[in-house]
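**Student:**
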Amino acid sequence: MAGTFACIAGGGTAGHLLPGIAVADALVEGGRPPASIHFIGGVHGPEATTVPAAGYPLTMLPGRGIPRKMSGASLRATLGIVRGVVSGIALVRRLHPQVVIVLGGYAAVPCVIGAILGRVPMVIMEQNARAGAANRLARPFAKAAAVPFAETDLRRAVVTGNPVRPEILAVHRPADTPAARQRLDLPLDRIVVAVFSGSLGSRRINQAVRGLAQRWGSRSDLAIHHVVGAREWDADDAESVELPAGGLVYRQVRYEDRMPDLLAAADVAVCRAGGSTVAELAQVGLGAILVPLPIATRDHQTANAEVLVRAGAAVRVPDADFDTNRLENELKTLLAEEGTLAAMANAAHVLAHPDAAARVAALAEEHARHG
Numbered sequence: 013m014a015g016t017f018a019c020i021a022g023g024g025t026a027g028h029l030l031p032g033i034a035v036a037d038a039l040v041e042g043g044r045p046p047a048s049i050h051f052i053g054g055v056h057g058p059e060a061t062t063v064p065a066a067g068y069p070l071t072m073l074p075g076r077g078i079p080r081k082m083s084g085a086s087l088r089a090t091l092g093i094v095r096g097v098v099s100g101i102a103l104v105r106r107l108h109p110q111v112v113i114v115l116g117g118y119a120a121v122p123c124v125i126g127a128i129l130g131r132v133p134m135v136i137m138e139q140n141a142r143a144g145a146a147n148r149l150a151r152p153f154a155k156a157a158a159v160p161f162a163e164t165d166l167r168r169a170v171v172t173g174n175p176v177r178p179e180i181l182a183v184h185r186p187a188d189t190p191a192a193r194q195r196l197d198l199p200l201d202r203i204v205v206a207v208f209s210g211s212l213g214s215r216r217i218n219q220a221v222r223g224l225a226q227r228w229g230s231r232s233d234l235a236i237h238h239v240v241g242a243r244e245w246d247a248d249d250a251e252s253v254e255l256p257a258g259g260l261v262y263r264q265v266r267y268e269d270r271m272p273d274l275l276a277a278a279d280v281a282v283c284r285a286g287g288s289t290v291a292e293l294a295q296v297g298l299g300a301i302l303v304p305l306p307i308a309t310r311d312h313q314t315a316n317a318e319v320l321v322r323a324g325a326a327v328r329v330p331d332a333d334f335d336t337n338r339l340e341n342e343l344k345t346l347l348a349e350e351g352t353l354a355a356m357a358n359a360a361h362v363l364a365h366p367d368a369a370a371r372v373a374a375l376a377e378e379h380a381r382h383g
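Just so we're aligned: 113 in our numbering is position 101 of the sequence shown, and the numbers increase by one with no gaps anywhere.
1. Can you tell me whether Thr61 is buried or exposed? The criterion is at least 16 other CB atoms within 10 Å of its CB, across all chains shown.
2. List the DSSP bridge partners of His237.
3. Give the DSSP-derived three-state secondary structure of Ala308 in the structure shown.
4. Take every Cβ of the segment 266-276, pair it with every Cβ of the segment 325-333, and state whether three or more of those distances are shorter than 8 angstroms.
5. What residues match up with Val170 in a beta bridge as DSSP calls it?
6. Name the residue from Gly57, His56, Ile52, Pro74 whose alpha carbon lies nearest to the alpha carbon of Tyr68.
7. Locate the beta strand (DSSP E) running through Thr71, then write down its first and last residues.
8. On the DSSP bridge list, what partners appear for Met356?
9. Between Arg44 and Pro178, what straight-line distance do the alpha-carbon atoms span, to the nearest angstrom?
10. To the nearest angstrom, how far is it from the Cα of Pro31 to the Cα of Gly210?
11. Count Cβ pairs between the segment 104-122 and the segment 138-156 that sit closer than 8 angstroms; are there 3 or more?
12. Can you grab the Cα-Cα spacing for the pair Arg131 / Cys123, in whole Å?
13. Please identify the residue among Ile301, Ala359, Gly287, Leu149 whose C-alpha is closest to the C-alpha of Lys344.
14. Any contact of the segment 177-193 with the segment 147-158, i.e. 3+ C-beta pairs under 8 angstroms?
15. Does the segment 242-262 come within contact of the segment 183-191, defined as at least 3 CB pairs closer than 8 angstroms?
16. Check whether the segment 305-316 touches the segment 339-356, counting contact only when three or more Cβ pairs, one atom from each stretch, lie closer than 8 angstroms.
17. In terms of residues, what are the limits of the beta strand (DSSP E) holding Gly9?
18. For Val94, which residues from the same chain have a beta carbon less than 7 angstroms from its beta carbon, with the 5 sequence-adjacent residues on both sides left out?
19. Whose C-beta lies closer than 6 angstroms to the C-beta of Gly223 among residues of the same chain, with five residues either side of it excluded?
20. Could you compute how far the alpha carbon of Ala276 sits from the alpha carbon of Ala182?
21. Considering only the beta carbon of each residue, do Val204 and Val221 sit closer than 8 angstroms?
22. Per DSSP, which one or two residues make a beta bridge with Arg328?
23. Given a threshold of 16 other Cβ atoms within 10 Å of its Cβ, counted over all protein chains shown, does Ile49 qualify as buried or as exposed?
So, in structure tokens, the structure goes:
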């Protein structure tokens with residue numbers, strides 16, 4: 013198919029996909045027609061709805077990640093990947109793109125192989141401090157790797173930062189804080205703690221926060237906005253916490269679709285350390301207590317968190333150590349000295365790359381083949 017400038021390959025999670033859409037938008041702003049940017053994803057990710065809503069063509073390939081334990085499911089997954097690879101090779105040949113942008117995730121693998129066989133230039137786009145399997149597969153063949161941190165382990169790396177959503181780029185703390193708190197019905201005169209741990213949620217984080225809410229129920233200087241997560245909310249029906257009148261403001265919600273407002277409203281966050289999360293914390297300038305997901309591939313969330321910790325923008329608590337006592341101690345330390353949270357916010361903002369999407373788009377334009 014003539015006229016395809018870029019295939020953007022990968023997805024499976026919003027953390028992979030949303031930065032790719034941000035880069036596609038940057039390419040369009042640079043003059044590329046939306047129809048010339050073709051997304052290739054998997055049938056089990058958020059691509060099916062998110063990409064068409066953004067206005068880009070999409071092809072979904074069969075396959076899914078392989079379970080770690082050998083079983084009938086792993087065999088079926090392997091066969092699905094084989095079918096996906098065959099389809100991916102044929103698709104890259106048909107589209108004949110000038111460049112393939114690799115987002116990572118299992119859905120990227122077929123296009124990586126198709127690009128290698130078709131000698132199509134590749135630009136890797138890594139979201140974490142430690143590269144995932146698909147991007148490591150592409151690593152020897154890629155013209156460049158757009159990475160969020162200098163520590164990311166890819167060849168020909170260019171530190172571009174991790175692209176974030178336009179809604180996050182539009183947040184300006186502390187100027188936006190009062191209006192964001194009003195929209196979320198949060199008090200203007202209290203310290204606000206934002207808690208979130210992905211769309212599904214984390215039982216360990218949720219239990220620690222609920223325990224703290226009970227323990228600090230009489231505090232009249234604090235508010236906690238707790239995003240429980242869909243899976244955990246459905247599993248325990250939010251486990252209501254009884255608090256005295258006039259004390260702690262504590263709100264649990266199943267899901268928060270106003271995350272830009274929550275990041276603008278908060279004084280500190282308690283959250284995981286995924287690539288998009290740490291990029292958004294940096295962009296808005298918000299300090300955090302980071303609890304890396306222990307099963308993350310190659311422990312990449314710990315590596316992500318350490319970048320913010322070294323900058324003075326966060327503290328890291330291992331998942332196994334995170335409970336109500338540890339959360340209480342960490343928050344007490346951060347709240348004990350006036351100016352600590354402001355200093356963390358400033359340190360986070362230094363790490364921001366508001367032009368990350370434009371930088372990745374420029375790499376794609378630089379390395380695309382012509383003719």
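C-beta atoms are modelled at their ideal positions from N, C-alpha and C, and glycine is treated no differently.
These numbers come from a predicted model, not from an experiment.
**Tutor:** Let me spell this out:
1. As a working note, residue 61 is residue 49 in the sequence shown. Thr61 is exposed by the Cβ-count criterion.
2. For this step, residue 237 is matched to residue 225 along the sequence shown. Paired residue(s): Ala206, Arg263.
3. Against the sequence shown, residue 308 aligns to sequence position 296. Here Ala308 sits in coil by DSSP.
4. no
5. Locating residue 170 in the sequence shown gives position 158, counting from the first residue. Partner(s): Ala158.
6. Along the sequence shown, one-based indexing puts residue 68 at 56. Of the listed residues, the one whose Cα sits closest to Tyr68 is Ile52.
7. Residue mapping note: residue 71 aligns to position 59 of the sequence shown, counting from 1. Segment 70-73, the beta strand (DSSP E) holding Thr71.
8. As a position in the sequence shown, residue 356 is number 344, starting the count at 1. Answer is none; Met356 lacks a bridge partner.
9. If you number the sequence shown from 1, residue 44 lands on position 32. If you number the sequence shown from 1, residue 178 lands on position 166. Their Cα atoms are separated by approximately 19 angstroms.
10. Stepping through the sequence shown from its first residue, residue 31 is reached at position 19. Stepping through the sequence shown from its first residue, residue 210 is reached at position 198. Answer to the nearest angstrom: the Cα atoms are 16 angstroms apart.
11. yes
12. On the sequence shown, residue 131 is found 119 positions in, with the first residue counted as 1. On the sequence shown, residue 123 is found 111 positions in, with the first residue counted as 1. Arg131 and Cys123: Cα-Cα distance of roughly 11 angstroms.
13. Counting from 1 along the sequence shown, the entry for residue 344 is found at position 332. For the residues Ile301, Ala359, Gly287, Leu149, the minimum Cα distance to Lys344 belongs to Ile301.
14. no
15. no
16. no
17. Absent from the structure is residue 9, since the part of the chain shown begins at 13 and ends at 383.
18. Here residue 94 is taken as the residue at index 82 of the sequence shown, counted from 1. Within the same chain, Val94 has no close Cβ partners at all.
19. Sequence index remark: in the sequence shown, residue 223 carries index 211 (1-based). Excluding sequence neighbours, Gly223 sits near Thr336.
20. Translated into positions along the sequence shown, residue 276 becomes position 264. Translated into positions along the sequence shown, residue 182 becomes position 170. Rounded to whole angstroms, Ala276 to Ala182 spans 10 angstroms at the Cα level.
21. Within the sequence shown, numbered from 1, the residue matching residue 204 stands at position 192. Within the sequence shown, numbered from 1, the residue matching residue 221 stands at position 209. Going by C-beta atoms, Val204 is not nearer than 8 angstroms to Val221.
22. As a working note, residue 328 is residue 316 in the sequence shown. Answer by DSSP bridge pairing, in chain order: Leu302.
23. Here residue 49 refers to the residue found at position 37 when the sequence shown is read from its first residue. Buried is the call here.
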